[in-house]
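Heads up: the structure comes next, in structure tokens.
2 protein chains.
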Amino acid sequence: MTPNFKIDHANCADCPIRHRAVCAHCEVDELEELEGIKYYRSFEAGQTIIWSGDQMNFVGSVVSGIASLTQTMEDGRTQMVGLLLPSDFVGRPGRDSAPYDVLATTDLVMCCFRKKPFEELMNKTPHIAHRLLQMTLDELDAAREWMLVLGRKTAREKIASLLSIIARRDASVGPKTSTEPIVFDLPLTREAMADYLGLTLETVSRQISALKKDKVIELEGKRHVTIPDMGRLMDEAGDDSDGGFLV
Amino acid sequence: MTPNFKIDHANCADCPIRHRAVCAHCEVDELEELEGIKYYRSFEAGQTIIWSGDQMNFVGSVVSGIASLTQTMEDGRTQMVGLLLPSDFVGRPGRDSAPYDVLATTDLVMCCFRKKPFEELMNKTPHIAHRLLQMTLDELDAAREWMLVLGRKTAREKIASLLSIIARRDASVGPKTSTEPIVFDLPLTREAMADYLGLTLETVSRQISALKKDKVIELEGKRHVTIPDMGRLMDEAGDDSDGGFLV
DNA sequence: CGATTTTTTGACATCGATCAAAAGCAGTGG
DNA sequence: CCACTGCTTTTGATCGATGTCAAAAAATCG
Numbered sequence: 000m001t002p003n004f005k006i007d008h009a010n011c012a013d014c015p016i017r018h019r020a021v022c023a024h025c026e027v028d029e030l031e032e033l034e035g036i037k038y039y040r041s042f043e044a045g046q047t048i049i050w051s052g053d054q055m056n057f058v059g060s061v062v063s064g065i066a067s068l069t070q071t072m073e074d075g076r077t078q079m080v081g082l083l084l085p086s087d088f089v090g091r092p093g094r095d096s097a098p099y100d101v102l103a104t105t106d107l108v109m110c111c112f113r114k115k116p117f118e119e120l121m122n123k124t125p126h127i128a129h130r131l132l133q134m135t136l137d138e139l140d141a142a143r144e145w146m147l148v149l150g151r152k153t154a155r156e157k158i159a160s161l162l163s164i165i166a167r168r169d170a171s172v173g174p175k176t177s178t179e180p181i182v183f184d185l186p187l188t189r190e191a192m193a194d195y196l197g198l199t200l201e202t203v204s205r206q207i208s209a210l211k212k213d214k215v216i217e218l219e220g221k222r223h224v225t226i227p228d229m230g231r232l233m234d235e236a237g238d239d240s241d242g243g244f245l246v
Numbered sequence: 000m001t002p003n004f005k006i007d008h009a010n011c012a013d014c015p016i017r018h019r020a021v022c023a024h025c026e027v028d029e030l031e032e033l034e035g036i037k038y039y040r041s042f043e044a045g046q047t048i049i050w051s052g053d054q055m056n057f058v059g060s061v062v063s064g065i066a067s068l069t070q071t072m073e074d075g076r077t078q079m080v081g082l083l084l085p086s087d088f089v090g091r092p093g094r095d096s097a098p099y100d101v102l103a104t105t106d107l108v109m110c111c112f113r114k115k116p117f118e119e120l121m122n123k124t125p126h127i128a129h130r131l132l133q134m135t136l137d138e139l140d141a142a143r144e145w146m147l148v149l150g151r152k153t154a155r156e157k158i159a160s161l162l163s164i165i166a167r168r169d170a171s172v173g174p175k176t177s178t179e180p181i182v183f184d185l186p187l188t189r190e191a192m193a194d195y196l197g198l199t200l201e202t203v204s205r206q207i208s209a210l211k212k213d214k215v216i217e218l219e220g221k222r223h224v225t226i227p228d229m230g231r232l233m234d235e236a237g238d239d240s241d242g243g244f245l246v
């Protein structure tokens, strides 16, 4: 059913997400135990990783690519409720069924653990449990920030907010000042952006065009974005313009 | 500044939230340790418990009353991002400043712990850490369900969703069937509901009047609500009508 | 009972949704 | 290389749900 392939024997020491994922605080011996139960799975863009309501028999970390969590109403309206970037964790220890669909938005590689062994390991490894709590609190903060976006921001502010979030996560390796331009590729289609923002794809398209016309962003093709002035973008997002960078 | 008073020496064994709060899984000896560092604080309706950006030097559980988490934009637009009912936890171990305002929506009693001792106790007490992770995952689920409400539901569906959530949490002690009427008092003003739902208070008022006219709800005064048919209300909310009760 | 807050109701404006069509772009096979 | 197909994105015209502004009504409180 799921055309995925395995990448066995990859070494945790070389892992690109080693220092940010759920295993970030693990000692060498703990890491060895994790290494013993882990396996890799790849998914193609567009594939469904987990269906809402399904039994979840594994948990894991996004190694590369982007996944999304979405909720769908009976009549087809859909809302994205989470965007999972590399190092983010998928799954909920202690629960057996998934509350939302998990989709591969791009080609994706995950580092998986069968749920049962992971839970047992977690129970005897405070480093993992502690890290998972921290990550869950971070996700809760992100979800609540997104509630403000969904509930109170205008379409233009919503687009600017999404762009600034992607820019910030993407640029965390890049320059630290807010004066240098930031460049990145949009990993989402207009429709996925609309589902994230509670808009229609037409409105997304119009607002992106408007931001481009007003020189808040530059576009090469449909996906390659340049932010000449991050402060300007954050003003457009309705956020405190210095909150993100200086704190 | 904060006119609060203390209720010392209350016994954990008699605590009304004992079985649902962060201390739910504690053994007798763990409970004694918690009892040693706890203290009670009362807040009046409308009081701010914690300001966004403030140092948080305590964490704790809501014992009675309702608190809300709200985010405010520079121009005054506000969005409620959390509704804390009795047994819910306030505070984030490991973080030092609050990301949102915490307000007492009604008169409120909290069972507090100074943050530092609580964190230390948590680190040596897996029962507490584990329970807190479970509660945080529950909050994350609730936040994500709310994202669907904010992003994709109509004003009428939003009101119906809020009523059904309050009804469900209120009625968890009450009858288990969906055929008996459910009765409760709304703990929120129209304005607070508007802030929760991303609406204006006028729209909230109009939609409540409409639901009343259509016999989905009955009102005595402005706050006392009767739900004659819970299934009907959940249809109006756009939810699967049996999801909440049978699962 | 008067003062203040909360809620309702009305008239009107607007932002974003909807419906429709065209344009751009990628892949496929002849 | 081009014609064909399907998908994404843009653009245009129109409509309707919800916001805004204003005032009255109801509830609460001293």
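These protein sequences, in sequence, are chains D and C.
When we follow numbering that gives the first Met the number 0, the leftmost residue of the first sequence carries the number 0, and every step to the right adds one.
When we follow numbering that gives the first Met the number 0, the leftmost residue of the second sequence carries the number 0, and every step to the right adds one.
Note that CB positions come from ideal geometry on N, CA and C, so glycine has one too.
Only a predicted model underlies this, so the values are computations on that prediction, with no experimental measurement involved.
The C-beta separation of residue 156 of chain C from residue 230 of chain C comes to about 15 angstroms, leaving the pair out of contact by the 8 angstroms criterion. Contact of residue 145 of chain C with chain D by beta-carbon distance below 7 angstroms involves 146. Taken atom to atom, the span from the alpha-carbon of residue 182 of chain C to that of residue 85 of chain C is near 18 angstroms.
At a Cβ-Cβ threshold of 8 angstroms, residue 197 of chain C and residue 75 of chain D do not count as neighbours. Per the coordinates, the alpha-carbon of residue 106 of chain D lies some 40 angstroms from the alpha-carbon of residue 168 of chain C. In terms of CA proximity to residue 134 of chain D, C/94 leads the group C/94, C/45 and C/10. In the three-state DSSP reduction, residue 206 of chain D falls in the helix class (H, G or I). Taking the Cα positions, residue 20 of chain D is about 12 angstroms away from residue 33 of chain D.
Residue range 229-235 is occupied by the alpha helix (DSSP H) that includes residue 230 of chain D.
Comparing C-alpha distances from residue 166 of chain C to each of C/120, C/232 and C/109 shows the shortest one belongs to C/232.
For residue 223 of chain D, the enclosing beta strand (DSSP E) stretches over residues 223-226. In the same chain as residue 214 of chain D, and ignoring 5 residues on each side of it, the C-beta atoms closer than 8 angstroms to its own belong to 227, in chain order. Membership of residue 33 of chain D in the alpha helix (DSSP H) is indicated by the continuous run 27-36. Between the alpha carbons of residue 66 of chain D and residue 138 of chain D lies a gap of roughly 14 angstroms. Contact annotation: residue 143 of chain D and residue 80 of chain C have beta-carbon atoms nearer than 8 angstroms. Proximity of chain D to residue 125 of chain C at the Cβ level (cut-off 8 angstroms) is accounted for by 122, 125 and 128, in chain order. Cβ-Cβ separation between residue 78 of chain C and residue 218 of chain D: approximately 30 angstroms, too far for a contact (criterion under 8 angstroms). The Cβ atoms of residue 100 of chain D and residue 51 of chain D lie closer than 8 angstroms to each other. For residue 80 of chain C, the closest Cβ of chain D is nearer than 8 angstroms. Judged by beta-carbon spacing, residue 103 of chain D lies within the 8 angstroms limit of residue 64 of chain D, meaning their Cβ atoms are closer than that value.
With contact defined as three or more Cβ pairs closer than 8 angstroms, the region 105-122 of chain C and the region 35-51 of chain C are in contact.
Excluding the 5 residues flanking it on each side, residue 180 of chain D has same chain C-beta neighbours closer than 7 angstroms at 225, 226 and 227, in chain order.
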